[in-house]
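Q: Residue numbers (this note's numbering): 139 to 496.
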Amino acid sequence: MTTEKQNAVEIVHVNAGSAYDVVIGRGILAQAASLVPHCDNAERVVVVADDITERLFMDQVMASFMNAGFEVSSFVFAHGEARKNICTYAGLLDHLAARHLTRSDLVVALGGGVVGDLAGFAAATYMRGCGFVQIPTTLLAAVDSSVGGKVAIDLLAGKNLAGAFHQPRVVVCDTACLDSLPDQEFANGMAEALKYGVLRDPALFEALQDHPRENLERLIARCVDIKRAYVEADEREAGARKYLNLGHTFGHAIEKASGYDVPHGSAVAIGIVMSARLAVARGMADASLVTALSTCLDNAGLPISTDMPARVLARAALSDKKRAGHAIPFVLPRAVGECDLVPVNVADLEAAFTQACA
Numbered sequence: 139m140t141t142e143k144q145n146a147v148e149i150v151h152v153n154a155g156s157a158y159d160v161v162i163g164r165g166i167l168a169q170a171a172s173l174v175p176h177c178d179n180a181e182r183v184v185v186v187a188d189d190i191t192e193r194l195f196m197d198q199v200m201a202s203f204m205n206a207g208f209e210v211s212s213f214v215f216a217h218g219e220a221r222k223n224i225c226t227y228a229g230l231l232d233h234l235a236a237r238h239l240t241r242s243d244l245v246v247a248l249g250g251g252v253v254g255d256l257a258g259f260a261a262a263t264y265m266r267g268c269g270f271v272q273i274p275t276t277l278l279a280a281v282d283s284s285v286g287g288k289v290a291i292d293l294l295a296g297k298n299l300a301g302a303f304h305q306p307r308v309v310v311c312d313t314a315c316l317d318s319l320p321d322q323e324f325a326n327g328m329a330e331a332l333k334y335g336v337l338r339d340p341a342l343f344e345a346l347q348d349h350p351r352e353n354l355e356r357l358i359a360r361c362v363d364i365k366r367a368y369v370e371a372d373e374r375e376a377g378a379r380k381y382l383n384l385g386h387t388f389g390h391a392i393e394k395a396s397g398y399d400v401p402h403g404s405a406v407a408i409g410i411v412m413s414a415r416l417a418v419a420r421g422m423a424d425a426s427l428v429t430a431l432s433t434c435l436d437n438a439g440l441p442i443s444t445d446m447p448a449r450v451l452a453r454a455a456l457s458d459k460k461r462a463g464h465a466i467p468f469v470l471p472r473a474v475g476e477c478d479l480v481p482v483n484v485a486d487l488e489a490a491f492t493q494a495c496a
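1. In the structure shown, what three-state DSSP assignment does GLY497 receive?
2. Distance check for VAL253 and THR276, CA to CA, integer angstroms please.
3. Going by alpha carbons, who is nearest to ASP321 out of HIS349, LEU244, ALA341?
4. Indicate whether the contact test is met: 3 or more Cβ pairs, each with one atom in the region 229 to 239 and one in the region 406 to 420, closer than 8 Å.
5. Within this structure, are the beta carbons of HIS304 and GLY267 separated by less than 8 Å?
6. Determine the closest residue to VAL174 out of LEU319, CYS311, LEU435, with distance taken between C-alpha atoms.
7. Return the chain-ordered ranges of every beta strand (DSSP E) run that is complete within the region 246 to 283 and spans a minimum of 3 residues.
8. When burial is assigned at 16 or more other CB atoms within 10 Å of the CB, is THR429 buried or exposed?
9. Assuming contact is defined by CB atoms lying nearer than 8 Å, are ALA378 and TYR368 in contact in what I supplied?
10. Please state whether the Cβ-Cβ distance between GLY439 and ALA345 is less than 8 Å.
11. Need the endpoints of the beta strand (DSSP E) that ASP189 sits in, please.
12. Going along the chain, which unbroken runs of the alpha helix (DSSP H) with 4 or more residues stay wholly within the region 419 to 473?
13. Check whether the region 275 to 294 touches the region 257 to 264, counting contact only when three or more Cβ pairs, one atom from each stretch, lie closer than 8 Å.
14. Would you list the one or two residues that DSSP bridges to ASN153?
15. Is it true that the region 232 to 250 meets the region 181 to 200, where meeting means three or more beta-carbon pairs spaced less than 8 Å apart?
16. Is the beta carbon of ALA423 sitting closer than 8 Å to the one on ALA473?
17. Compare the beta carbon distance of ARG237 and SER211 with 8 Å and say whether it is the shorter of the two.
18. What's the C-alpha gap between VAL484 and PRO306?
19. Indicate whether the contact test is met: 3 or more Cβ pairs, each with one atom in the region 447 to 458 and one in the region 380 to 396, closer than 8 Å.
20. Residues in the same chain with beta-carbon distance under 6 Å from ALA329, minus the five sequence neighbours each way, listed in chain order, please.
21. What's the C-alpha gap between LEU194 and VAL214?
22. What are the boundary residues of the alpha helix (DSSP H) that SER172 is part of?
23. Under a Cβ-count criterion, where at least 16 other Cβ atoms within 10 Å of its own Cβ denotes burial, should ILE166 be classed as buried or exposed?
24. Mind checking who ASN353 pairs with in its DSSP beta bridge?
25. Nearest by alpha-carbon distance to GLU209: which of ASP189, LYS333, ARG182 is it?
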């Protein structure tokens, strides 16, 4: 049994290389320190946040760890994907060293996917690895990026090209934090949540279309449990975990070609529809699938198409980190709940993007 419910708190157990819990509940932020498993010799905590999450949540989280007896400091950077770069990363490493963190101490990521990726990569590489806690404050981070141990920064050549696998000690998801999200940011998270339904759970796909804000704990737990299954089967993305990239090869190309002006969730939403179009073009799916996915994503407040030329997007995809030799694996849906992994030769990439954009 991988999930349980305790006093309205959902807990998903992830048995990866190092096991940990994803704790999901409303109003649990003040308990963050108490939810971290016992850490022998841990004395110091650095809470990493962007300027938005610092204003909203930093005081509460720092107080939780200070009251638990930790020496606490913070590292704050300007929000946005453009800041998830080697300069911010180097600044964070210098901060950890200046605060005399040791391998037994903790880096706490307080924020969305950008914060979690950056803080996690610093934790994975500082002194060859120190303790790491994820506190996601966006829906996208809650259902996807905070779980599974993939951490990274962007390079000029592409997204997440410098990274590592580094599992957190615990993930603390307070759904009250999501109350602060603007509608567009909530929609960005819905793209990742709906991805899990398209991958393997038609019931989740349907449930997410019916007032998702009213059932957040249960819906987030279901998304996390689906990801848990992929992570446990293939922690380092050598096989089955590649399915989690549904919509992402197209989406990352859109992000890069836009200079990261298109948010990740919006790019993934477009990418899911493009994946369905390519599946139809290859005779794998019925055209009605494109209509169904487009309608659902549009109703969630997400874009479903791009005006960027296929040639530009195909060129951006050449640096995709999932490329192996002369092929890039695409996840293509046959139906909601059924997807295939299909390699596309680099020589055929522009043609594939053209079919997906049609």
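Beta carbons: idealized from backbone N, C-alpha and C, even for Gly.
A: Inspection of the coordinates gives the following:
1. Outside the displayed range of the chain (139 to 496) lies residue 497, so it cannot be described from this structure.
2. Numbered from its first residue, the sequence shown carries residue 276 at position 138. Numbered from its first residue, the sequence shown carries residue 253 at position 115. Between THR276 and VAL253, the C-alpha separation is close to 11 Å.
3. Counting from one through the sequence shown, the residue named residue 321 turns up at place 183. The residue with the shortest Cα to Cα distance from ASP321 is HIS349.
4. no
5. For this step, residue 304 is matched to residue 166 along the sequence shown. For this step, residue 267 is matched to residue 129 along the sequence shown. Taking 8 Å as the Cβ cut-off, HIS304 and GLY267 qualify as a contacting pair.
6. Looking up residue 174 in the sequence shown gives position 36. Out of LEU319, CYS311, LEU435, CYS311 has the C-alpha closest to the C-alpha of VAL174.
7. You should have 269 to 274.
8. Stepping through the sequence shown from its first residue, residue 429 is reached at position 291. When all chains shown are included, THR429 counts as exposed.
9. In the sequence shown, residue 378 corresponds to position 240, counting from 1. In the sequence shown, residue 368 corresponds to position 230, counting from 1. Result yes, Cβ atoms of ALA378 and TYR368 sit closer than 8 Å.
10. By 1-based counting over the sequence shown, the position of residue 439 is 301. By 1-based counting over the sequence shown, the position of residue 345 is 207. Contact flag unset, no.
11. Walking along the sequence shown from the start, residue 189 turns up at place 51. No beta strand (DSSP E) contains ASP189, which is instead part of the alpha helix (DSSP H) from 189 to 205.
12. 425 to 437, 448 to 455
13. Contact annotation: the region 275 to 294 touches the region 257 to 264, with at least three C-beta pairs closer than 8 Å.
14. Taking the sequence shown and counting its residues from 1, the one referred to as residue 153 is at position 15. In the DSSP output, where bridge partners are listed per residue, ASN153 has ALA157.
15. yes
16. One-based indexing of the sequence shown puts residue 423 at position 285. One-based indexing of the sequence shown puts residue 473 at position 335. It is a contact, given that the beta carbons lie within the stated cut-off.
17. Within the sequence shown, the letter at position 99 stands for residue 237. Within the sequence shown, the letter at position 73 stands for residue 211. For ARG237 and SER211, yes; Cβs fall inside 8 Å.
18. Reading the sequence shown from its first residue, position 346 is the one you call residue 484. Reading the sequence shown from its first residue, position 168 is the one you call residue 306. Cα to Cα, the separation comes out at about 35 Å.
19. yes
20. Taking the sequence shown and counting its residues from 1, one reaches residue 329 at position 191. Only GLY403, VAL406, ALA407, LEU440 meet the Cβ criterion.
21. For the purposes of this step, residue 194 is taken as the residue at position 56 of the sequence shown. For the purposes of this step, residue 214 is taken as the residue at position 76 of the sequence shown. Answer to the nearest angstrom: the Cα atoms are 13 Å apart.
22. On the sequence shown, residue 172 is found 34 positions in, with the first residue counted as 1. Unbroken alpha helix (DSSP H) run through SER172: 170 to 173.
23. To locate residue 166, count along the sequence shown from 1; it is residue 28. Classification of ILE166: buried, given that the 10 Å Cβ count is 16 or more.
24. Within the sequence shown, numbered from 1, the residue matching residue 353 stands at position 215. Per DSSP, none; premise fails for ASN353.
25. Here residue 209 refers to the residue found at position 71 of the sequence shown. Out of ASP189, LYS333, ARG182, ARG182 has the C-alpha closest to the C-alpha of GLU209.
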